[in-house]
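Here's the structure, in structure tokens; my notes come after.
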Amino acid sequence: VTAPLLVAVHVVAVVLWIGGVGFVTVVVFPMLMRMEDSLEAVLAFQRFEKKFSLHAKIYLWVTGVTGVLLLYLTGKYHILFRAETLGINVMMASWLFYFLVLTFEKRIFGRLFGRAKEIDTKKVFRLLNAFHWMILGLSLLAVFVGVWQGHGGRL
Ligand code: HEM
């Protein structure tokens with residue numbers, strides 16, 4: 428009874444989380460990169476990211492806790508790091524990535540936008556944009572391989 432319920436909670440959190448990352452990547456970034464005033468763009472970005480980072484932290488923990496419980500309940504921790512659990516490994520890799528970014532976000536953004544007047548904001552946005560596409564790709568791969576393997580897909 429518990430495992431299917433946990434998968435449902437796990438996936439709802441994943442949908443909100445990765446959906447948000449997708450929105451920022453395909454809607455917010457192109458908008459910011461088209462803004463004339465770069466300082467305004469940086470400030471808008473920081474406001475968006477600050478708000479979303481709280482949401483992301485909640486999703487991170489809901490997904491992480493339900494994921495670990497599922498590993499335990501399904502007994503899949505016995506076969507972790509094998510081809511049969513590739514999906515779960517990609518999930519854990521992307522989880523870890525988000526965990527590191529969200530833990531060190533202040534330092535990362537401080538470095539990137541520290542001296543707002545001196546930096547080339549267009550360059551920073553291009554970098555951040557590439558980074559968002561990369562992490563979105565990894566997250567979607569986790570969803571894809573996770574669902575495929577969870578429903579009988581085999582390598
Ligand atoms: C610490 C992190 C995580 C752990 C330990 C974990 C573990 C698991 C486990 C054990 C399942 C049950 C699937 C099965 O028994 O084959 C599952 C399902 C799922 N997970 Fe994760 N997960 C984590 C993070 C994530 C992340 C970050 C994503 C997406 C980016 C994700 C997406 C999914 C999806 C879509 C399913 C449903 C698969 C299905 O259709 O059955 N998980 N996860």
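Everything in the sequence shown is counted per the numbering used here, starting at 428 for the first residue and increasing by one.
Ideal placement from N, C-alpha and C gives every residue a C-beta, glycine not left out.
Inset, instruction - Indicate whether the contact test is met: 3 or more Cβ pairs, each with one atom in the segment 562–582 and one in the segment 444–458, closer than 8 Å. - result: Short answer: they touch.
Inset, instruction - Would you mind stating whether residue 518 and residue 573 have Cβ atoms separated by less than 8 Å? - result: Residue 518 sits at position 91 when you count from the first residue of the sequence shown. Residue 573 sits at position 146 when you count from the first residue of the sequence shown. Taking 8 Å as the cut-off, the beta carbon of residue 518 is found closer than this to the beta carbon of residue 573.
Legend entry - Secondary structure, alpha helix (DSSP H): runs of 4+ residues fully inside the segment 464–543: Within the segment 464–543, the complete alpha helix (DSSP H) runs of at least 4 residues are 465–500, 513–530 and 532–540.
Inset, instruction - Answer yes or no: the CB of residue 566 versus the heavy atoms of the ligand HEM, is any distance below 7 Å? - result: Along the sequence shown, one-based indexing puts residue 566 at 139. Yes, the beta carbon of residue 566 sits closer than 7 Å to at least one heavy atom of the ligand HEM.
Legend entry - Nearest-angstrom Cα separation, counted from residue 548 out to residue 432: Against the sequence shown, residue 432 aligns to sequence position 5. Against the sequence shown, residue 548 aligns to sequence position 121. A straight-line Cα-Cα distance of about 45 Å links residue 432 and residue 548.
Legend entry - Inter-stretch contact at 8 Å, needing at least 3 Cβ pairs: the segment 433–443 / the segment 489–502: Short answer: they touch.
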